[in-house]
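**Q**
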Amino acid sequence: MCFLMNILWPKSEGLAYLHEDCDVKIVHCDIKPENVLLDEHFMAKVSDFGLAKLMTREQSHVFTTLRGTRGYVAPEWITNYAISEKSDVYSYGMVLLELISGRRN
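The sequence shown: position 92 = 394 (my numbering), numbered continuously.
1. How many Å lie between residue 401 and residue 331 at the Cα?
2. Does the separation of the CB atoms of residue 354 and residue 329 fall below 9 Å?
3. Once DSSP output is grouped into helix, strand and coil, what is the label at residue 357?
4. Measure the C-alpha to C-alpha separation of residue 321 and residue 356 and round it to an integer number of angstroms.
5. So is residue 326 buried or exposed if we call it buried at 16+ other beta carbons inside 10 Å?
6. I'd like the span of the alpha helix (DSSP H) that includes residue 399, first residue to last.
7. What residue from 335, 318, 323, 313 has the CA that sits closest to residue 372's CA?
8. By the three-class DSSP mapping on this structure, what secondary structure does residue 328 have?
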């Protein structure tokens, strides 16, 4: 489990950076195992920003067409609600669930 935490913790810090510390908020919109790369020290790096949305600090939500990968998409997208950085957190939770349970989504 310690090995998994060494992989997962930096990824959560990376998402926090995208959502809180960048000049503009970046919502990745496609967090899934295939978009997590490991370096030679098994440090996780988020990749593939092709679907990402930029939001100003004043914006709390953004409306967009459904993006992402089935099984990792937050419920608000399916019900046509506006998305926020919380959508990435949901997707990250699905990745965590897969890693901890050992089962694919």
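Even for Gly, the Cβ is constructed at its ideal location relative to N, Cα and C.
**A** If we stick to the structure as given:
1. Spanning the two alpha carbons is a distance of roughly 20 Å.
2. Yes, the Cβ-Cβ distance between residue 354 and residue 329 is below 9 Å.
3. Residue 357 sits in a strand when the DSSP states are folded into three classes.
4. About 10 Å.
5. A residue is called buried when at least 16 other Cβ atoms come within 10 angstroms of its Cβ; residue 326 does not meet this threshold and is exposed.
6. Boundaries of the alpha helix (DSSP H) around residue 399: 387-403.
7. Comparing Cα positions, the closest option is 335.
8. The answer is strand: DSSP assigns residue 328 an E or B state.
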